[in-house]
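The listed protein sequences correspond, in order, to chains A and B.
Residues in the first sequence are numbered from 225 upward in steps of one, following the working numbering.
Residues in the second sequence are numbered from 10 upward in steps of one, following the working numbering.
Beta carbons are placed, not taken as given, at the ideal position from N, Cα and C, and that holds for glycine.
Notes for the one structure printed next.
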Amino acid sequence: MSAFTGIGEDREIDQEEFTPGIEPQATWCPGCGDFGVLKALKGAMPEVGRTPDETLLVTGIGCSGKLSSYFESYGFHSIHGRALPVARAAKLANPGLEVIAAGGDGDGYGIGGNHFMHTARENHDITYIVFNNEIFGLTKGQTSPTSPKGHKSKTQPHGSAKDPVRPMSLSLASGASYIARTAAVNPRQAQEVLVEAIQHDGFAHIDFLTQCPTWNKDAKEYVPYTDVQDSEEFEFDTGDRREAAEAMYEAESRLYEGEVLTGRFYHDPDRPSYGEEKRAQGDVPEEPVAERYFGDGEWERTADELIDRHT
Amino acid sequence: MTDQTLMWRIAGGSGDGIDSTSQNFAKALMRSGLDVFTHRHYPSRIRGGHTYVEVRAADQPVRSRGDGFNFLLALGDSFARSPQEGAYYGNEKVKPLAENLDDLNEGGVVVYDTGFFEEEDIAEIRLEERAQQEGWHVYPMDLRALAREHGREVMRNTAGVGATAALVGKDVSYFEELVEEAMSGEVMEANLTILEEAYEQASEFEFTHDLRVPTGSHETDQALMSGSNAIAYAALDSGCRFIAGYPMTPWTDVFTIMSQNLSDFGGIAEQVEDEIAAAALALGASHAGVKAMSGSSGGGFALMSEPLGLAEMTETPLVLVEAMRAGPSTGMPTKTEQADLEHVLYTSQGDSNRVVFAPGNLEEAYEQTRTAFQVAYDYQIPTIILYDQKLGGEMRNVGVDFFDREPDPSLGATLTEEEISEAAHHESGKFERFRHDPENGVSPRSIPGQTGGRFLASGNEHNTVGHISEDPDNRKAQMDRRMRKLEHVREELDGRDQSHQTRHGPADAEYGLLVWGSQQDTVFEAVDRLNAAGHDVKALGVSDMLPYPEAEVREFLESVRECVVVEMNATGQFRGLTQKELGQYGEKLSSLLKYDGEAFEPGEVVDGFESSIDGGQPAAGNMKFVPAAGD
Ligand SMILES: Cc1ncc(C[n+]2csc(CCOP(=O)(O)OP(=O)(O)O)c2C)c(N)n1
Ligand code: SF4
Numbered sequence: 225m226s227a228f229t230g231i232g233e234d235r236e237i238d239q240e241e242f243t244p245g246i247e248p249q250a251t252w253c254p255g256c257g258d259f260g261v262l263k264a265l266k267g268a269m270p271e272v273g274r275t276p277d278e279t280l281l282v283t284g285i286g287c288s289g290k291l292s293s294y295f296e297s298y299g300f301h302s303i304h305g306r307a308l309p310v311a312r313a314a315k316l317a318n319p320g321l322e323v324i325a326a327g328g329d330g331d332g333y334g335i336g337g338n339h340f341m342h343t344a345r346e347n348h349d350i351t352y353i354v355f356n357n358e359i360f361g362l363t364k365g366q367t368s369p370t371s372p373k374g375h376k377s378k379t380q381p382h383g384s385a386k387d388p389v390r391p392m393s394l395s396l397a398s399g400a401s402y403i404a405r406t407a408a409v410n411p412r413q414a415q416e417v418l419v420e421a422i423q424h425d426g427f428a429h430i431d432f433l434t435q436c437p438t439w440n441k442d443a444k445e446y447v448p449y450t451d452v453q454d455s456e457e458f459e460f461d462t463g464d465r466r467e468a469a470e471a472m473y474e475a476e477s478r479l480y481e482g483e484v485l486t487g488r489f490y491h492d493p494d495r496p497s498y499g500e501e502k503r504a505q506g507d508v509p510e511e512p513v514a515e516r517y518f519g520d521g522e523w524e525r526t527a528d529e530l531i532d533r534h535t
Numbered sequence: 010m011t012d013q014t015l016m017w018r019i020a021g022g023s024g025d026g027i028d029s030t031s032q033n034f035a036k037a038l039m040r041s042g043l044d045v046f047t048h049r050h051y052p053s054r055i056r057g058g059h060t061y062v063e064v065r066a067a068d069q070p071v072r073s074r075g076d077g078f079n080f081l082l083a084l085g086d087s088f089a090r091s092p093q094e095g096a097y098y099g100n101e102k103v104k105p106l107a108e109n110l111d112d113l114n115e116g117g118v119v120v121y122d123t124g125f126f127e128e129e130d131i132a133e134i135r136l137e138e139r140a141q142q143e144g145w146h147v148y149p150m151d152l153r154a155l156a157r158e159h160g161r162e163v164m165r166n167t168a169g170v171g172a173t174a175a176l177v178g179k180d181v182s183y184f185e186e187l188v189e190e191a192m193s194g195e196v197m198e199a200n201l202t203i204l205e206e207a208y209e210q211a212s213e214f215e216f217t218h219d220l221r222v223p224t225g226s227h228e229t230d231q232a233l234m235s236g237s238n239a240i241a242y243a244a245l246d247s248g249c250r251f252i253a254g255y256p257m258t259p260w261t262d263v264f265t266i267m268s269q270n271l272s273d274f275g276g277i278a279e280q281v282e283d284e285i286a287a288a289a290l291a292l293g294a295s296h297a298g299v300k301a302m303s304g305s306s307g308g309g310f311a312l313m314s315e316p317l318g319l320a321e322m323t324e325t326p327l328v329l330v331e332a333m334r335a336g337p338s339t340g341m342p343t344k345t346e347q348a349d350l351e352h353v354l355y356t357s358q359g360d361s362n363r364v365v366f367a368p369g370n371l372e373e374a375y376e377q378t379r380t381a382f383q384v385a386y387d388y389q390i391p392t393i394i395l396y397d398q399k400l401g402g403e404m405r406n407v408g409v410d411f412f413d414r415e416p417d418p419s420l421g422a423t424l425t426e427e428e429i430s431e432a433a434h435h436e437s438g439k440f441e442r443f444r445h446d447p448e449n450g451v452s453p454r455s456i457p458g459q460t461g462g463r464f465l466a467s468g469n470e471h472n473t474v475g476h477i478s479e480d481p482d483n484r485k486a487q488m489d490r491r492m493r494k495l496e497h498v499r500e501e502l503d504g505r506d507q508s509h510q511t512r513h514g515p516a517d518a519e520y521g522l523l524v525w526g527s528q529q530d531t532v533f534e535a536v537d538r539l540n541a542a543g544h545d546v547k548a549l550g551v552s553d554m555l556p557y558p559e560a561e562v563r564e565f566l567e568s569v570r571e572c573v574v575v576e577m578n579a580t581g582q583f584r585g586l587t588q589k590e591l592g593q594y595g596e597k598l599s600s601l602l603k604y605d606g607e608a609f610e611p612g613e614v615v616d617g618f619e620s621s622i623d624g625g626q627p628a629a630g631n632m633k634f635v636p637a638a639g640d
């Protein structure tokens, strides 16, 4: 019998199952965009048909990192910038788990930038939600990697002289196989995008625009926004890297000019995920490695397998 | 010359196959019934540059490289021959011969490749004159020509081995056997011919030396292993099926062995972007229910400080390996040192909690790695195996039956779904994973995917279901519980039949030597010599660093008048730890320190001890004696 009977359970799932019955009041500020992510994620789970017991949500540190406290599933509230490596290994150890990682723009594009690049490159089958509020929230309003050039904060009193990172372009160049941008103010699209991302077999990156009314009052509230899929102006093939790259570039530039373009920017359903590649190579077994510890299968001994080489 | 003991040094250029040749040589001697020990010296350079390996062999156990050596096979550095224009090779041509002569014992044997060393080189280093003074026996042979005639120049290693076999009176068939096993086709044929031819040629010399190694016998089949092999195999036997790492010398050895074997054992090996990721991956895999490890050397371990703390706070079992080399910073990548002890004990913020083992030799490396996995998973605490370049790289023969152990796939304090259903849950349905009450501090965990086991693992302080909490009572209860684990680990380790701490020498000896990690066997050899020379000395090798084996060390220190702590660092880190843990003995403990990148030789410990009891410094400038407080 499987050690993980919760995995693959087929039943009706109610989004309320994802509301923890403990400390339900979030410590996010009133009006914070993070509520929108939580709501969209809860809404998406019944649609993708995954239960709290078969879901692992790994978060980083920041206001965004607290997502795992307000979402009922297995959770791992890790450290600043390191959600991705934790999530990657959990997925490799047990591919049956639905693994979702989340963090902020400082968390994901700053301190965790190296992990972001490599996770995308390897195309791990996980969904990565980055709460992009263009500011460091939890540490009280410092300039973040997505803050606009010239942005003034207590730690950048003369304004930032840096161009903001272009998260989607970075993600595409690194190798992510699903890339979207959505916004907390657009709950319908946000939920749709999340469903797609979670269902996608590969690294799905969502740049999730959230507002921080407490520290980033100057920033646009992300309205009005344009849905690139609905707009006549944007006709591009999300399966074509070149066209997607152009659309992303445009969206990333216009964001700082006050216009918010959201939607799916890139989707490559054919590229096998890292886990699949490894399993195909015979590098990783078909059965989840985690499962073995609960069975009563044979365990190899080095003495039987390797000692001959040394005699 | 110490009869019965061969201390053979093969010298040449890095990349000339010195390593594999010496391994085969050691293996052949082992098969002939001798006990062997190898010591590897290599520069931080990939090709070219002087390198050597020593193989010590005797018909009784050999546990150290010994003092100096008595047989030099100087092959010549093929990469030093044709330096590219403007390259920084310099003239290193004679190095394999010249560089090694200083440590060659009186009456030793020299075989050198006349194909590489020209007469003027030989004249320049005054070989003949020195040989006369030191009573060396010199046998020049054109090994290169021999290799070229029957095969390729690189095969001069084989020629050198053939010559050695003849000169030490070993049956060439032991070597032939290995060539036949390792090679095939033309390459094998060529090597066999070269081996036999060199053997014949060398047999024709008129032997002036008396270095004949006996043929011994072993009661059980023997395996030639390195410390890194022992650690990796113990991990596999412990049920470790996940490793993540990033290369850094000398940890790379363990990482490589694991990476090459894990998939055959149904496991996963990942080379990742950096050491923070490496340890975080191991943590993620362990959280998801796979026994996992990561590791590095000092610089990479520094990056692991973050995930290490996260493992402690989330109580996720994690085994890390720390392979020391000389620091700080990138220090001397290929040189050995024992100066990361404090780094490993205290890295990461807060009152943190981990278990640290420092095996003294190959067998202990295996045993303690097994223990490290068991403790990590039973107590949900990070455990660290701290060893050094010396222990990782040296090879020794061990009875095959030593490795014939039962595997241990237990995940430790982990519940099955059935057990979860009976365990305490919060009214919300969340599993109370971090209960305060368990007596030994360990609250059993569930694994993501198990029905009914949901909880939050958090690096922030948290309550019983894992939610962030800054409540003072909860904080104190959680801290107390986590810290309680160490007491129970100590109790469990002390209660075992076999302590990790090793005693050597007469129980009632007046003087003590305290030693940790890879210097243990060297010090034990020195103790035997000191006692033979009329001193009254015993030693205690300490292999558990944290929780500290207080009772055993205290008893040892109470039983001696004075005690010298022998370690390879400049600041006496282990002596400091001992004083801190025991809260006294400042006036009883002195230090014999070495931090030039080389391990102690037994003779150095003898000298160091003798000069220290006279109140002086060791005669050789490569060591430092630091007297006890108040001396
Ligand atoms: C290694 C480390 N450095 C710094 C911090 C402090 N810190 C906590 S959250 C944070 C920034 C969070 O910003 P962001 O990722 O944008 O998330 P937000 O709070 O805006 O959701 C920082 C710098 C930390 N926890 N760990
Ligand atoms: S500080 Fe900003 S990001 Fe954090 S909770 Fe408040 S509004 Fe949200």
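Using 8 angstroms as the limit for Cβ to Cβ distance, is residue i near chain A?
{"i": "B:G42", "result": "no"}
{"i": "B:F412", "result": "yes"}
{"i": "B:M234", "result": "yes"}
{"i": "B:M16", "result": "no"}
{"i": "B:R563", "result": "no"}
{"i": "B:A542", "result": "no"}
{"i": "B:D480", "result": "no"}
{"i": "B:I252", "result": "no"}
{"i": "B:G95", "result": "In this predicted model, B:G95 has a pLDDT of only 49, less than 50, meaning its place in the structure is not dependable; the value taken from the coordinates is given anyway. Chain A contact via Cβ: absent."}
{"i": "B:M10", "result": "The pLDDT assigned to B:M10 is 40, lower than 50, so where the model puts this residue is not dependable; a value taken from the coordinates is nonetheless given after this. Output row for B:M10: interface = no."}
{"i": "B:I456", "result": "yes"}
{"i": "B:G99", "result": "Note that B:G99 scores a pLDDT of 47, beneath 50, so its modelled location is shaky; the value from the coordinates is reported in the next line. Cβ-Cβ to chain A under 8 angstroms: no for B:G99."}
{"i": "B:G276", "result": "yes"}
Answer with yes or no whether the minimum CB distance from residue i to chain B is below 8 angstroms.
{"i": "A:G320", "result": "yes"}
{"i": "A:H534", "result": "yes"}
{"i": "A:T526", "result": "yes"}
{"i": "A:R390", "result": "no"}
{"i": "A:S297", "result": "yes"}
Run the proximity test for residue i: is its beta-carbon closer than 7 angstroms to any non-hydrogen atom belonging to ligand 2?
{"i": "A:L362", "result": "yes"}
{"i": "A:W439", "result": "yes"}
Which residue wins for smallest C-alpha separation from residue i, given the options the options?
{"i": "B:G308", "options": "B:A320, B:D387, B:A608 and B:V330", "result": "B:V330"}
{"i": "A:G284", "options": "A:G327, A:S293, A:C256 and A:F360", "result": "A:G327"}
{"i": "B:R505", "options": "B:G625, B:T380 and B:D480", "result": "B:T380"}
{"i": "A:L362", "options": "A:T251, A:T486, A:L530 and A:E529", "result": "A:T251"}
{"i": "B:C249", "options": "B:T261, B:A291 and B:M333", "result": "B:A291"}
{"i": "B:R570", "options": "B:Y557, B:L598, B:A154 and B:T580", "result": "B:L598"}
{"i": "B:G526", "options": "B:E501, B:E590, B:P368 and B:E607", "result": "B:P368"}
Regarding residue i and ligand 1, is the C-beta to nearest heavy atom distance less than 7 angstroms?
{"i": "A:N357", "result": "yes"}
{"i": "A:S368", "result": "yes"}
{"i": "A:D329", "result": "yes"}
Who are the Cβ neighbours of residue i in its own chain at under 8 angstroms, not counting the five residues just before and after it?
{"i": "B:N449", "result": "Y388, R493, K494 and H497"}
{"i": "B:R161", "result": "A199"}
Excluding the 5 residues preceding and the 5 following residue i in the sequence, name in chain order all residues of the same chain whose CB lies nearer than 7 angstroms to its CB.
{"i": "B:F4", "result": "This structure cannot speak to residue 4 of chain B, because chain B is shown only from 10 to 640."}
{"i": "A:S542", "result": "This structure gives no information on residue 542 of chain A, because the portion of chain A shown stretches from 225 to 535."}
{"i": "B:T460", "result": "E426"}
Anything in chain D within Cβ reach of residue i, meaning under 8 angstroms, just list it in chain order.
{"i": "A:P270", "result": "Structure shown: chain D not included; protein chains present are A and B."}
Practice item. Pick out the complete alpha helix (DSSP H) segments inside the stretch 214–280 of chain B, 4 residues or longer, and give them in chain order. Key: 236–246 and 261–270
Practice item. Just list the beta strand (DSSP E) runs in the stretch 388–414 of chain B, keeping only unbroken ones of 3 residues or longer that don't cross its boundaries, in chain order. Key: 391–397 and 404–408
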